[in-house]
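Data first, discussion second: the structure below is written as structure tokens.
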Amino acid sequence: MAALVLLIGFRHSAMADSNAITSVSANHQGTNTIITIHLKNLIRALPVDFTIIKSAQITLDFPGVGNATGETVQDVSLGDVRNLIVAQNDDRARLVINLTRSLNYALVIDGLAVIMTIRD
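In the numbering used here, the protein residues as written are 418 to 537.
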């Protein structure tokens, strides 16, 4: 049993070291808000995304990715973006973008980054 626990812990550690969100930045381009999620290594597919309309949130799940930002909550207060929350569990990192209202967005991979354009 102890060997199994040790193996699970090693798997988690190796996952977090193989790829991680290193930073998240936000800025304005015209009427759009651009959120850039910087990663340690390339990812092959866009993160799983979903929205929660009632609480005006966008959530991105990054399977096999850890959180190396050094923080959990980042105050943005830029346009309709209030703050960003980066959390990690055993098998993924989750980025939650809290908004003042529900908005449309698009995601693209650009090298070592995932870029989200939130359209006003």
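Just so you know, even glycine gets a beta-carbon here, dropped at the ideal spot from N, CA and C. On a predicted model such as this, the values are computed, not experimentally measured, just so you know.
Are three or more beta carbon pairs between the stretch 445 to 452 and the stretch 530 to 537 nearer than 8 Å?
-> At 8 Å Cβ cutoff, the stretches touch.
Sequence-distant residues of its chain with Cβ nearer than 7 Å to Val525 (five each side left out) | Taking C-beta separations shorter than 7 Å and ignoring five residues to either side along the sequence, the partners of Val525 in its chain run Ile532, following chain order.
In whole angstroms, what is the alpha-carbon distance linking Ile502 and Tyr522?
-> One C-alpha to the other measures close to 18 Å.
Identify whether Ser494 lies in helix, strand or coil by the three-state DSSP scheme.
-> In this structure, DSSP gives Ser494 an extended state, which the three-state scheme calls strand.
From the DSSP output, read off the bridge partner residues of Ala443.
-> Per DSSP, the beta bridge partners of Ala443 are Ile452.
For Val498, the nearest candidate out of Asn436, Asp527, Ser472 (CA to CA) | Looking from the CA of Val498, the closest CA among Asn436, Asp527, Ser472 belongs to Ser472.
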